[in-house]
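Residue 156 is where the sequence shown starts when you use our numbering, and the numbers rise one by one after that.
The structure appears right after this line, and notes come after that.
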Amino acid sequence: MSGFLEKLNRAAAIGTILALGWYLIRVVPQLTSGPLDDVSWKGEMMIAVVIFVVTLIADSIRAAIASREELVEADVLDDERDDVIERRGDAWGGHAMHAVAFIALILLVLDFDPFWAANTLFVGAMLAGLTSMLVKWMSYRGGV
């Protein structure tokens, strides 16, 4: 049986995949259909963030309800293994996010359209989050 933090990690991954998938399906086709100024992306980005947050909250509540007995019996939310896994995943996700921020900064310094910097940050942040979640999942499954 997976632990509570592992279920929360899964909930975040599901929310990220749904939000990023929805956003890319809405925005990428517009890139080939006309000038960059005509691409509608700001509203779609905000909707994707809402999709992520709502999905995360709903799945977190569901995970808490499903793990209620486990949490009561253990009388503890996490253990040393969870702490190690969280640190490892967060470190990898942080490294990925640093690279994304650096790329976005370069795009801004080189006077690229703000569309590219904003989308680099948005898509990159989602992918950095998925990197963190993947490392955590591999750590749970690989045994830490």
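Backbone N, C-alpha and C define an ideal beta-carbon position, used for all residues, glycine too.
Are the beta-carbon atoms belonging to residue i and residue j less than 9 Å from one another?
i	j	result
residue 164	residue 288	yes
residue 248	residue 198	no
residue 279	residue 261	no
residue 170	residue 209	yes
residue 277	residue 191	no
residue 160	residue 224	no
Between the alpha carbons of residue i and residue j, how many angstroms are there, rounded?
i	j	result
residue 243	residue 296	14 Å
residue 275	residue 181	16 Å
residue 207	residue 290	20 Å
residue 200	residue 179	9 Å
residue 286	residue 251	8 Å
residue 172	residue 205	13 Å
residue 219	residue 196	34 Å
residue 187	residue 236	47 Å
residue 267	residue 256	15 Å
residue 202	residue 174	8 Å
Here's a check: name, in chain order, each residue in its chain whose Cβ is nearer than 6 Å to the Cβ of residue i, leaving out the five neighbours to either side.
i	result
residue 156	Per-residue confidence for residue 156 stands at a pLDDT of 45, beneath the threshold of 50, marking its modelled position as unreliable; the derived number appears in the next sentence. No residues qualify anywhere along the chain.
Once the 5 residues before and after residue i are set aside, which same chain residues still bring their CB inside 7 Å of it?
i	result
residue 254	none
On a Cα-Cα basis, can you pick out the residue from the options that is closest to residue i?
i	options	result
residue 216	162, 265, 237	162
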